[in-house]
Amino acid sequence: MTAVLLRCAAPGDVAVAARALVVTGLLEARGRSGTAALGLSGGSTPRALYERMALEGDPARLTGVHLFFGDERCVPPDHADSNARMAHLALTRHFPPDMVHRLRGEAADIDVEARRASAELQTCLGDRGLDVLLLGLGDDAHTASLFPGSGALTPSGERVVAVHEGTPRHRRLTVTPAEIARAAHVVVLVTGASKAAVLRRALADPVDIQAMPVQLALRLHPRCVVVCDAAAAP
Ligand code: 6PG
C-alpha cells in the first residue's frame with residue numbers, strides 16, 4: 001500500500017489542490033453525520049493552505065466542523081513557535097472558539113495535557129477518527145511530532161501523547177500512530193527541494209516506522225494522498 005501522489009506545478013498549487021481534498025472530505029463527513037473533524041498540521045508548509053481556506057470563505061462553509069491539532073510544541077499559544085498561533089492567524093480565528101481544540105503546549109504537566117486531549121477527542125468523536133488529518137514531513141522523516149526512534153512510536157492505547165525526548169525544543173504533544181491510522185483520510189503536504197530526498201525514500205524504501213515515522217501515513221494508511229510541488233516530487 002502506498003499513498004497517492006498529487007504533483008503540483010508550483011507551491012501555490014499545493015494549497016489549491018489540498019484545499020479541494022480537505023473541504024470535500026469534511027463536507028462528505030458532515031453530510032453523513034451532521035458534523036466533521038479536521039486535524040491541522042503544524043510547521044510552515046500548511047500556512048498557505050490555511051490562508052487559502054480563509055480566503056475562499058471555508059470557515060462559513062464548514063459550520064459544524066471541529067478543528068483539532070496533530071501536534072504542538074510545548075510553548076504558550078502566543079509563542080512564535082506555536083502551531084496554534086500559526087493556524088489562528090491564518091484560519092482558526094474565523095471559526096467559533098468552541099470548535100477549535102488546541103493542544104495546550106503551555107501545560108505545566110504535558111502528560112496530563114496529553115490525557116486531557118485524548119479524552120477530548122474521545123468525547124467529540126467517540127471511537128471514530130478524524131475525518132481528515134493533515135500531516136507534514138520533516139527532513140528527518142518525522143511527521144506530526146513522531147520523530148525517528150521516539151518512544152511515542154510505541155503503541156500506547158492513547159490518542160495523544162507527550163514527547164519528552166531530545167532538546168526542550170523537541171518537547172511536544174502529538175497524535176499517536178494509532179490516531180493516524182484511525183483517520184478516515186490523510187493528506188500530507190510536502191513542498192521544497194529540501195524534502196525531495198526524504199519523500200523519495202519514504203515512498204520507495206522498505207517500511208521502517210522507527211526510522212521513517214511518516215511511513216505510517218505514506219505506506220500504511222489506506223487513504224493517504226501526498227500533495228507536493230515539483231521541487232519536492234520524486
Ligand atoms: C511541527 C509539525 C511537523 C511539520 C514538519 C514539516 O510541529 O513542526 O507538525 O511535523 O509538519 O516538521 O515542517 P515544515 O512545514 O515547516 O517544513
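When we follow the working numbering, the leftmost residue of the sequence shown carries the number 1, and every step to the right adds one.
Glycine is no exception: its CB is placed at the ideal position from the N, C-alpha and C atoms.
The model shown is predicted, which means the values in this text are computed figures rather than measured ones.
(request) Can you grab the Cα-Cα spacing for the pair R169 / V65, in whole Å? (result) Working through the sequence shown from its first residue, we reach residue 169 at position 169. Working through the sequence shown from its first residue, we reach residue 65 at position 65. Cα to Cα, R169 sits roughly 31 Å from V65.
(message) What does the alpha-carbon distance come out to for the pair R128 and Q122?
(response) As a first step, residue 128 is located in the sequence shown; it is residue number 128 there, counting from the start. As a first step, residue 122 is located in the sequence shown; it is residue number 122 there, counting from the start. Roughly 8 Å separates the two Cα atoms.
(request) Taking P96 as the reference, give the member of G105, L62, C124 and F69 with the closest Cα. (result) Locating residue 96 in the sequence shown gives position 96, counting from the first residue. Comparing Cα-Cα distances from P96 to each of G105, L62, C124 and F69, the minimum goes to L62.
(message) With three or more beta-carbon pairs closer than 8 Å as the criterion, would you say the segment 35–48 touches the segment 72–90?
(response) yes
(request) Let me know if V198 comes out buried or exposed under the rule of 16 or more other beta-carbons within 10 Å of its beta-carbon. (result) Your numbering for residue 198 matches position 198 in the sequence shown. Under this definition V198 is a buried residue.
(message) So for G39, helix, strand or coil by DSSP?
(response) Here residue 39 refers to the residue found at position 39 when the sequence shown is read from its first residue. Strand, per DSSP.
(request) State the beta-bridge partners of H66 as determined by DSSP. (result) One-based indexing of the sequence shown puts residue 66 at position 66. For H66, which the question treats as bridged, DSSP gives the partners A37.
(request) Could you check what DSSP says for L220 in three-state terms: helix, strand or coil? (result) As a first step, residue 220 must be located in the sequence shown, where it is residue number 220. DSSP places L220 in coil when its eight states are reduced to three.
(request) Identify whether H185 lies in helix, strand or coil by the three-state DSSP scheme. (result) On the sequence shown, residue 185 is found 185 positions in, with the first residue counted as 1. H185: strand per DSSP, three-state reduction.
(request) Classify T45 as buried or exposed, calling it buried when 16 or more other Cβ atoms lie within 10 Å of its own Cβ. (result) Position 45 of the sequence shown holds residue 45. Buried.
(message) Suppose you measure from the CA of V240 to the CA of P59; what does that come to, to the nearest Å?
(response) Shown here, the chain extends from 1 to 234; a query on residue 240 therefore has no answer.
(message) What would DSSP say about D13, mapped onto helix, strand or coil?
(response) Counting from 1 along the sequence shown, the entry for residue 13 is found at position 13. Three-state DSSP puts D13 in a helix.
(message) So within the segment 48–96, which uninterrupted beta strand (DSSP E) runs reach at least 3 residues, ignoring any that extend past its ends?
(response) 65–69 and 71–73
(message) Let me make sure I understand the geometry here. Which of D139, E106, G34 and A181 has the alpha-carbon closest to that of R200?
(response) By one-based count along the sequence shown, residue 200 stands at place 200. Comparing Cα positions, the closest option is D139.
(message) Quick check: what's the CA-CA separation for V16 versus R116?
(response) Here residue 16 is taken as the residue at index 16 of the sequence shown, counted from 1. Here residue 116 is taken as the residue at index 116 of the sequence shown, counted from 1. Those two C-alpha atoms are separated by around 34 Å.
(message) Below 8 Å on the Cβ atoms is my contact criterion, and I expect A233 with T143 to pass it. Report the Cβ-Cβ distance as a whole number of Å.
(response) Translated into positions along the sequence shown, residue 233 becomes position 233. Translated into positions along the sequence shown, residue 143 becomes position 143. About 18 Å; that fails the 8 Å criterion.
(request) Out of A29, G12, G166 and A114, point me to the one whose CA is closest to F69's CA. (result) Taking the sequence shown and counting its residues from 1, the one referred to as residue 69 is at position 69. Out of A29, G12, G166 and A114, A114 has the C-alpha closest to the C-alpha of F69.
(message) I need the straight-line Cα distance from A119 to Y50, nearest angstrom please.
(response) For this step, residue 119 is matched to residue 119 along the sequence shown. For this step, residue 50 is matched to residue 50 along the sequence shown. C-alpha separation (whole angstroms): 26 Å.
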